[in-house]
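K.L.:
Numbering (our numbering), first residue to last: -17 to 188.
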């Protein structure tokens, strides 16, 4: 038998693999159910990035990478925990080009909600779309990563959502290409609410 391991994405609930041989799969040490057709399902989805381990008894003459001739497909729930920072440092996300949605909630007093407030996203790679309480505030594709959120806030609980897209640089790590851009990706932060009327607050994603 041969063993292969990789750090999967937050929210992993299943993988699909087409090995040349018989495979068994574990997610963070827990066996995944063989659903047939090369699909393996987790007993419970991984909230954070989790290690996937594959045990393959390969066919004769198929060793190492030859035992897995096709890319492994990872299925996620779409929900998981990912800290602020460079997502290209998180396992298979190093090669992920696409979007990640960050969400958090915070409470304000009536006076705070009625003041003039800006949101500062800190640093973003590469674009950000900001929503507050279900309403689109705006999009930023370059610094400064600030938006005026006056009028979008309410007294009590508020929900902030930031949708970040990176570039194709990460995808190009997986294919022959002359383009090798910077793979840094994500909402790097710190994310803060800024107001002249009250002290700034740093926000953390849920």
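Where a beta carbon is used, it is the ideal one built from N, C-alpha and C, also for glycine.
#1: Taking 6 Å as the limit between beta carbons, can you name the residues of its chain near residue -8, skipping five residues before and five after?
#2: Let me check understanding here. Comparing Cα to Cα, which of 15, 178, 168, -2 lies closest to residue 75?
#3: Tell me which residues share the same chain as residue 108 and place their Cβ nearer than 7 Å to its Cβ, disregarding the 5 neighbours each side in the sequence.
#4: When DSSP labels each residue in this structure, what does residue 177 get in the three-state scheme?
#5: With a 10 Å radius around its C-beta and 16 neighbouring C-beta atoms as the bar for buried, classify residue 51 as buried or exposed.
#6: Whole-angstrom Cβ separation of residue 100 and residue 131, contact assumed at under 8 Å?
#7: Looking only at its own chain, which residues have a Cβ that is under 6 Å from the Cβ of residue 92, when we skip the five neighbours before and after it?
#8: I need the boundaries of the beta strand (DSSP E) containing residue 15, first residue and last residue.
#9: Sort -17, 173, 105, 45 by Cα distance to residue 86 and report the nearest one.
#10: Which same chain residues end up closer than 6 Å to residue 156 when comparing Cβ atoms and leaving out the 5 residues on each side of it in sequence?
#11: Name the DSSP bridge partner or partners of residue 130?
#12: Whole angstroms are fine: how far does the CA of residue 114 sit from the CA of residue 24?
#13: With respect to the beta strand (DSSP E) encompassing residue 166, which residues constitute its N-terminal and C-terminal limits?
#14: Roughly how far, in whole angstroms, is the beta-carbon of residue -17 from the beta-carbon of residue 37, given that I think they are within contact range, below 8 Å?
#15: What is the residue span of the beta strand (DSSP E) that residue 78 lies within?
#16: Expressed to the nearest angstrom, what Euclidean distance is found between the alpha-carbon atoms of residue 140 and residue 84?
#17: With distances taken Cα to Cα, identify the nearest neighbour of residue 49 among -3, 3, 164, 80.
#18: Among the residues of its own chain, which have a CB less than 6 Å from the CB of residue 127, if the five just before and after it don't count?
#19: Please go through the same chain and pick out, in chain order, the residues whose beta-carbon is closer than 8 Å to the beta-carbon of residue 73, but skip the five residues on each side of it.
P.N.:
Taking the geometry as given:
#1: Looking up residue -8 in the chain shown gives position 10. Closer than 6 Å at Cβ, skipping near neighbours: 30, 31, 62, 63, 64.
#2: Counted from its first residue, the chain shown places residue 75 at position 93. For residue 75, the nearest C-alpha among the options comes from 168.
#3: Taking the chain shown and counting its residues from 1, one reaches residue 108 at position 126. Cβ neighbours of residue 108 beyond the five flanking positions: 147, 148, 149.
#4: Indexing the chain shown from 1 puts residue 177 at position 195. For residue 177, the secondary structure class from DSSP, reduced to helix, strand or coil, is strand.
#5: Along the chain shown, one-based indexing puts residue 51 at 69. It is exposed - the Cβ of residue 51 has fewer than 16 other Cβ atoms within 10 Å.
#6: Within the chain shown, residue 100 is the residue found at index 118, counting from 1. Within the chain shown, residue 131 is the residue found at index 149, counting from 1. About 7 Å separates the two Cβ atoms, so the contact holds.
#7: Counting from 1 along the chain shown, the entry for residue 92 is found at position 110. Only 137 meet the Cβ criterion.
#8: Reading the chain shown from its first residue, position 33 is the one you call residue 15. Here the beta strand (DSSP E) through residue 15 covers 15 to 18.
#9: Taking the first residue of the chain shown as position 1, residue 86 is located at position 104. Minimum Cα distance to residue 86 is reached at 173.
#10: As a working mapping, residue 156 is identified with position 174 in the chain shown. Closer than 6 Å at Cβ, skipping near neighbours: 77.
#11: Sequence index remark: in the chain shown, residue 130 carries index 148 (1-based). Answer is 100, bridged to residue 130.
#12: Looking up residue 24 in the chain shown gives position 42. Looking up residue 114 in the chain shown gives position 132. Cα-Cα distance, rounded: 33 Å.
#13: As a working note, residue 166 is residue 184 in the chain shown. For residue 166, no beta strand (DSSP E) run applies, since DSSP gives it neither H nor E.
#14: The residue labelled residue -17 in the question sits at position 1 within the chain shown. The residue labelled residue 37 in the question sits at position 55 within the chain shown. Yes, they are in contact, since the Cβ atoms of residue -17 and residue 37 sit about 5 Å apart, within 8 Å.
#15: Here the question's residue 78 lines up with position 96 in the chain shown. Counting along the chain, residue 78 falls outside any beta strand (DSSP E), and DSSP gives it neither H nor E.
#16: For the purposes of this step, residue 140 is taken as the residue at position 158 of the chain shown. For the purposes of this step, residue 84 is taken as the residue at position 102 of the chain shown. Those two C-alpha atoms are separated by around 14 Å.
#17: If you number the chain shown from 1, residue 49 lands on position 67. Nearest C-alpha to residue 49: 3.
#18: The residue you call residue 127 lines up with position 145 of the chain shown. Only 103, 106 meet the Cβ criterion.
#19: In the chain shown, counting from the first residue as 1, residue 73 sits at position 91. Here the set comprises -12, -11, -10, -9, 31.
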